[in-house]
Amino acid sequence: MALKIRLTRIGAVHQPHYRVVVAEARSRRDGDPVDSIGTYDPRAKANGFKVNLARVDYWLSKGAKPTDTLHAMIKRARRAAPAAEVAAS
20 MALKIRLTRI GAVHQPHYRV VVAEARSRRD GDPVDSIGTY DPRAKANGFK
70 VNLARVDYWL SKGAKPTDTL HAMIKRARRA APAAEVAAS
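In this text, residue positions in the sequence shown follow this note's numbering: the first is 20, and each later residue adds one.
Right under this line is the structure:
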């Protein structure tokens, strides 16, 4: 069972909103996911991407492969995470 970390669309027409999910590679785009680990709102001005990085690390350790788009988004979220922790303390 090959797993992918990818986006699944849940938004209405002309109002895109996505969930970040772990799903089998051969399943449909909006098919039943194995796990839901975040959300992405491309229309949000700031911080439209929210993902649980601990769950991402868990699924990567189990062999899940992120899509090219999500790979870039996860890298950006990892860079922003330490800055958010410093600002909170």
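Just so you know, even glycine gets a beta-carbon here, dropped at the ideal spot from N, CA and C.
Completely contained beta strand (DSSP E) runs for the segment 38-104, where each covers 3 or more residues:
Listed in chain order, the complete beta strand (DSSP E) runs (minimum 3 residues) inside the segment 38-104 are 54-59, 68-70.
So the candidates are G82, I56, A102; which of them puts its Cα closest to the Cα of R74?
I56
Are there 16 or more other CB atoms within 10 angstroms of the CB of R97, so buried, or fewer, so exposed?
Here R97 is exposed: its Cβ has fewer than 16 other Cβ atoms, across all protein chains shown, within 10 Å.
Can you tell me whether I29 is buried or exposed? The criterion is at least 16 other CB atoms within 10 Å of its CB, across all chains shown.
I29 comes out exposed.
According to the neighbour-count rule (16 or more other Cβ atoms, all chains shown, within 10 Å of its Cβ), is R25 buried or exposed?
Label assigned to R25: buried.
Within 9 Å, strictly: CB atoms of A42 and T27:
yes
K81: which of G50, D54, R47, S46 sits nearest, CA to CA?
D54
Contact defined as beta carbons within less than 8 Å: I believe L72 pairs with A100. What is the distance between those atoms, to the nearest angstrom?
6 Å
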